[in-house]
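First up is the structure itself, then whatever we jot down about it.
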Amino acid sequence: MPQCPHQALSLHAGKVIWQADICQQCDSCLKMCPQQATPMAQTMSVEEVLAHLHKARFFIEGITVSGGEATTQLPFLLALFSAIKADPQLRQLTCLVDSNGLLSETGWQKLLPVCDGAMIDLKAWSSECHLVLTGRDNKQIKRSILLLADRGKLAELRLLVIPGQVDYLEHIEPLAAFISQLGDVPVRLNAFHAHGVYGEARTWPGATPEDVNQLAKALRARGVEKLIFPALYL
Ligand code: SF4
10 MPQCPHQALS LHAGKVIWQA DICQQCDSCL KMCPQQATPM AQTMSVEEVL AHLHKARFFI
70 EGITVSGGEA TTQLPFLLAL FSAIKADPQL RQLTCLVDSN GLLSETGWQK LLPVCDGAMI
130 DLKAWSSECH LVLTGRDNKQ IKRSILLLAD RGKLAELRLL VIPGQVDYLE HIEPLAAFIS
190 QLGDVPVRLN AFHAHGVYGE ARTWPGATPE DVNQLAKALR ARGVEKLIFP ALYL
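With our numbering, the residue at position 209 of the sequence shown is 218, and numbering never jumps.
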């Protein structure tokens, strides 16, 4: 397929075949697809993931499953984390999930016995703003955050600073009060940048250190101290 500048894609019997060993991760194929589908997706069994983990186990402390939204494949997550916890050579690895927080309480009840924690994004304080930004309200996300904090399994709360779009500062009092009730949970402040973003958001300006610091200062003034700052700004 000539669209791949590194000849990592070919067409066989109507299917796109991706060669991982040649791919340069340039993402040209992602930008080309009108559905933002990736030809680089691979299907792996639990056993295949475990085989990779056995090779890597001396160099890692744990695994984090992300997505897309990893919890939409809950049966696989359950099977994977259960298999890791049952394996004498892997059970010391932490099993974390990076999630949008939309999993139901029943789903969390199933996952938490084998999951060490979850990182959850709260992309806006008000449901209205969250709906505009993501197409969904954030009621279930807040419920998930509270449930995870209550079980001691909220590994990190993430806020995304999008200048002119997000409403954290408008609602700083309830936001800070909500975070304060979560206990000793780190709050990661992520800086929005339009790289790799599709649709209207491509035109939004990226967050600067000043934007992030303004939110950090407002949170600290209300007792939220455990903040993690962006490693880089684009
Ligand atoms: S990311 Fe896509 S376009 Fe780039 S080398 Fe890999 S397969 Fe080819």
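Just so you know, even glycine gets a beta-carbon here, dropped at the ideal spot from N, CA and C.
Less than 7 Å between the beta carbons of residue i and residue j, yes or no?
i: G126; j: L105; result: yes
i: A158; j: L191; result: yes
i: A133; j: D176; result: yes
i: Y242; j: A200; result: yes
i: A216; j: P183; result: no
i: I26; j: S19; result: yes
i: I93; j: L87; result: no
i: M49; j: Q12; result: no
i: P91; j: V141; result: For the sequence presented, residue 91 should be read as Ser rather than Pro. No, the Cβ-Cβ distance between S91 and V141 is not below 7 Å.
i: S108; j: T80; result: yes
i: R167; j: D130; result: yes
i: V55; j: L89; result: yes
i: I188; j: V233; result: yes
i: A240; j: I181; result: no
With a threshold of 16 other CB atoms inside 10 Å of the CB of residue i, please say whether the residue is buried or exposed.
i: C84; result: It should be noted that the sequence gives Pro, not Cys, for residue 84. Exposed is the call here.
i: F238; result: exposed
i: Q170; result: As written in the sequence, residue 170 is Val, which differs from the Gln given in the question. It is buried - the Cβ of V170 has at least 16 other Cβ atoms within 10 Å.
i: S153; result: buried
i: C35; result: exposed
i: V206; result: exposed
i: I31; result: exposed
i: A46; result: exposed
i: A225; result: buried
i: H63; result: exposed
i: L72; result: Residue identity check: residue 72 is Ile in the sequence provided, not Leu. Answer is buried; the Cβ neighbour count reaches 16.
i: H61; result: exposed
i: A17; result: buried
i: H204; result: exposed
Just to confirm my understanding: we take residue i, look at its own chain, exclude 5 residues before and 5 after, and list those with CB closer than 6 Å. What are they?
i: E165; result: M128, P195 and R197
i: P214; result: P172
i: K151; result: none
i: Q33; result: H15
i: S75; result: D107
i: E78; result: N109
i: Q28; result: A17
Tell me which residues share the same chain as residue i and place their Cβ nearer than 7 Å to its Cβ, disregarding the 5 neighbours each side in the sequence.
i: A22; result: none
i: L156; result: E114 and W117
i: K148; result: S136
i: Q174; result: L142 and W213
So if DSSP puts residue i in a beta bridge, which residue, or which two residues, is it bridged to?
i: L228; result: Looking at the DSSP assignment, L228 forms no beta bridge with any residue, so it has no partner.
i: L163; result: A127
i: L18; result: W27
i: L105; result: T73 and G126
i: L39; result: None; L39 has no bridge partner.
i: I237; result: R197
Using C-beta distances below 8 Å, list every residue in its chain close to residue i, excluding the 5 sequence neighbours before and after it, in chain order.
i: K162; result: L121, C124, D125, G126 and A127
i: F67; result: none
i: A70; result: Here residue 70 is Glu; the residue named in the question, Ala, does not match the sequence. Same-chain partners within the cutoff: L102 and T103.
i: R145; result: L111 and H139
Next item on the list: Entirely within the region 111-144 and at least 4 residues each: give me those alpha helix (DSSP H) ranges in chain order.
Entry: 114-120 and 136-143
Note to self: As an exercise, report each continuous beta strand (DSSP E) stretch of at least 3 residues that is fully enclosed by the region 46-79, in chain order.
What the structure shows: Taking only runs of at least 3 residues, the beta strand (DSSP E) segments lying wholly in the region 46-79 are 71-74.
Checklist line | Any beta strand (DSSP E) of 3 or more consecutive residues that is wholly inside the region 169-226 | finding: 196-200
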